[in-house]
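What follows is a short report on a single structure.
In the UniProt record's numbering, the protein residues as written are 1 to 653.
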């Protein structure tokens with residue numbers, strides 16, 4: 001019973017005393033409390049400053065500091081995802097790379113004549129019609145067997161055309177007839193440029209087999225380019241129909257290509273070379289391929305300790321329409337890398353000694369989020385058709401081949417076969433040429449999506465090549481050297497060698513310095529957090545505790561106030577609806593409660609004199625005045641009705 005008055009006073013204080021701090025009922029009161037109690041001096045100065053000008057200056061200074069912090073933090077975040085490049089050079093024994101060697105002429109022309117006789121005859125006829133070229137004694141076999149005769153109709157369907165630009169007519173070189181060329185059939189990206197007569201434009205026309213009106217006329221700035229492109233188009237048709245075993249026999253063997261071989265000062269032979277068949281270059285041979293599990297290495301730099309080979313090129317057996325240069329192509333690559341010799345191969349001359357010095361560099365880039373590269377290619381949605389380690393070229397070629405099979409129903413001859421597909425040829429796929437050219441046009445324009453899907457590899461090895469050429473053999477040594485080589489190969493060649501049939505190749509390390517280029521994060525997480533703390537302390541005199549305080553006030557407490565107000569509004573709306581349905585008038589107790597009467601206020605401390613002074617005055621009451629004196633209060637009255645015994649003894653004394 002004694003505590004009942006205290007509880008009543010406490011309850012009244014909670015209903016009327018305004019709330020400060022995180023439990024403030026409004027956002028403005030919460031922000032004012034935060035500015036007065038925060039450790040960031042700028043916010044406090046905004047509240048306590050006197051005068052509008054001074055307060056405005058502090059607002060501008062505080063907002064500027066916040067802007068600078070945001071800008072500097074954004075710079076720190078962007079620098080966090082940057083990388084620094086470091087170069088490390090080591091001197092050590094280096095593994096020797098794989099060296100792939102191909103003859104520029106893929107197949108022996110003498111062995112291919114029976115397959116190419118009809119195509120060669122059409123090509124010679126075109127040359128005679130265009131340029132009046134004629135051979136006195138034809139080197140092309142004129143007998144056309146049953147296999148070749150199937151191509152005659154196809155040569156008539158896709159002949160070479162001589163286009164007259166102004167009259168928009170074309171002369172069919174096969175039949176000599178003229179045909180009208182509609183404007184829509186011209187290839188939209190072909191540039192009609194001639195160095196000679198502007199009326200003579202050479203090209204060929206491809207049409208959709210299912211829609212004869214959908215055609216494209218491909219023109220070339222040179223008759224040589226037009227004839228070669230047309231010849232290669234039909235050449236791939238023919239080669240796609242020949243079995244792989246037959247093509248390997250038609251190309252050069254290791255005994256045909258290799259005359260002499262030395263590595264690291266020791267003799268080597270064809271057993272150190274691995275053959276693989278390239279669709280465009282025939283039989284190629286890779287030195288130090290690592291297929292047997294052994295990779296050769298070298299401990300000394302210089303031409304004497306590298307690979308030295310003499311190649312037999314046999315220029316007389318070259319296809320005159322397929323290739324226009326003589327020599328060999330080589331490529332230096334890693335054992336797990338596919339040799340794209342048609343793209344990045346190095347050509348070496350005949351009758352010359354070609355020295356290729358190497359510098360080995362191993363590079364590694366950081367993957368996401370620092371760069372958009374892939375570690376193994378497993379995250380790329382493109383099947384690897386080459387069975388070698390991932391590279392950007394492998395991905396692009398595989399992607400195009402997949403698109404070719406999907407769009408044209410067959411695979412392009414120059415790339416590996418996907419599972420279940422077969423190479424295109426005009427017997428089974430009469431529309432493949434038109435489809436291929438259209439698809440290749442989209443690929444070049446990056447419309448197939450391959451360039452967007454494929455990514456660079458994060459790690460790769462590179463051999464930087466330095467090439468030098470010298471005349472070989474020299475005039476004074478030519479006679480005896482050719483005699484010795486002819487003697488060594490005489491039993492197989494049955495003829496005297498000519499220096500234009502030979503090529504001398506040397507591949508070696510210029511030094512044994514291995515360069516390792518790697519990317520490292522420019523900033524670590526510790527450095528990033530330290531930089532953030534420095535910026536906050538510099539501009540706002542703020543620490544981690546201050547950041548936690550900001551998160552608590554501006555997110556947790558502010559959200560709590562907003563939700564509380566919404567709940568009170570919803571509760572008031574529900575009570576008003578209930579009263580409206582029952583017909584009762586609103587009571588004083590139904591007025592929205594403020595301050596500590598909020599349910600979240602759980603402070604049960606008894607009221608004090610200081611808190612009582614902070615009570616607000618009633619709205620309609622007059623201001624308090626000094627009350628008149630009450631003289632009756634000056635009388636002394638005992639506070640107790642009975643005097644205690646111990647006080648009586650004190651009174652007697």
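We treat Cβ as the ideally placed atom computed from N, Cα and C, and that holds for glycine. These numbers come from a predicted model, not from an experiment.
Endpoints, alpha helix (DSSP H) assigned at residue i
i, result
"residue 367", "It is not in any alpha helix (DSSP H) - residue 367 carries neither H nor E in the DSSP assignment."
"residue 328", "Run containing residue 328: none in the alpha helix (DSSP H); it sits in the beta strand (DSSP E), 328-333."
"residue 246", "244-250"
"residue 254", "254-257"
"residue 225", "223-239"
"residue 435", "432-444"
"residue 158", "Looking at the DSSP string, residue 158 is not in any alpha helix (DSSP H), and its letter there is neither H nor E."
"residue 398", "392-408"
"residue 35", "27-37"
Contacts around residue i, its chain only, beta-carbon distance under 7 Å, and the 5 residues preceding and following it disregarded
i, result
"residue 59", "46"
"residue 270", "254, 255, 258"
"residue 207", "214, 215, 434"
Residue i, DSSP secondary structure in three states
i, result
"residue 281", "coil"
"residue 126", "helix"
"residue 379", "coil"
"residue 456", "strand"
"residue 103", "strand"
"residue 275", "strand"
"residue 217", "strand"
"residue 349", "coil"
"residue 475", "coil"
"residue 263", "strand"
"residue 425", "coil"
"residue 169", "strand"
"residue 121", "helix"
"residue 373", "strand"
"residue 302", "coil"
"residue 534", "helix"
"residue 62", "helix"
6 Å CB neighbourhood of residue i in its chain, flanking five on each side removed
i, result
"residue 8", "none"
"residue 160", "126, 173, 204, 230"
"residue 415", "397, 401"
"residue 347", "327, 329"
"residue 234", "119"
Residue span of the beta strand (DSSP E) that contains residue i, given as start and end
i, result
"residue 92", "First-last for residue 92: undefined, no H or E at that position."
"residue 462", "459-471"
"residue 518", "502-521"
"residue 310", "307-312"
"residue 343", "Element bounds for residue 343: not the beta strand (DSSP E) but the alpha helix (DSSP H), 341-344."
"residue 205", "201-208"
Residue i to residue j span [Cα, whole Å]
i, j, result
"residue 385", "residue 480", "48 Å"
"residue 390", "residue 477", "47 Å"
"residue 677", "residue 430", "The chain is shown only over 1 to 653; residue 677 falls outside these bounds and no answer can be derived."
"residue 292", "residue 272", "10 Å"
"residue 262", "residue 310", "9 Å"
"residue 536", "residue 372", "32 Å"
"residue 55", "residue 571", "39 Å"
"residue 70", "residue 77", "10 Å"
"residue 594", "residue 560", "Note that residue 594 scores a pLDDT of 45, beneath 50, so its modelled location is shaky and nothing firm can be said."
"residue 26", "residue 35", "15 Å"
"residue 52", "residue 455", "59 Å"
"residue 110", "residue 421", "31 Å"
"residue 538", "residue 514", "46 Å"
"residue 378", "residue 448", "20 Å"
Within-9 Å CB hit, residue i to chain D
i, result
"residue 366", "Among the chains in the structure shown there is no chain D, since it carries only a single protein chain."
Cut-off 8 Å between Cβ atoms - residues of its own chain near residue i, not counting five sequence neighbours on either side
i, result
"residue 335", "97, 98, 288, 289, 290, 295"
"residue 112", "250, 319"
"residue 497", "312, 482, 485, 486, 489"
"residue 512", "91, 92, 93, 94, 298, 299, 300, 301"
"residue 343", "393"
Assess contact between the segment 93-101 and the segment 504-516, defined as three or more Cβ pairs (one per stretch) separated by less than 8 Å. Is contact present?
yes
Touch test, the segment 302-314 against the segment 432-448, Cβ-Cβ under 8 Å, three pairs minimum
Counting C-beta pairs closer than 8 Å gives fewer than three between the segment 302-314 and the segment 432-448, which falls short of the contact rule.
Does the segment 517-536 come close enough to the segment 366-384 to have 3 or more Cβ pairs within less than 8 Å?
yes
Three-pair Cβ contact test at 8 Å for the segment 547-561 versus the segment 405-419
No, the segment 547-561 does not touch the segment 405-419.
Is the segment 467-477 in contact with the segment 321-337, if contact means three or more CB pairs nearer than 8 Å?
No: fewer than three Cβ pairs fall under 8 Å.
Do the segment 326-335 and the segment 439-454 touch if we need at least three Cβ pairs shorter than 8 Å?
no
How do the segment 456-463 and the segment 353-362 stand: do at least 3 beta-carbon pairs fall below 8 Å, yes or no?
yes
Stretch-stretch touch, CB-based, cutoff 8 Å, three pairs: the segment 272-286 with the segment 101-115
yes
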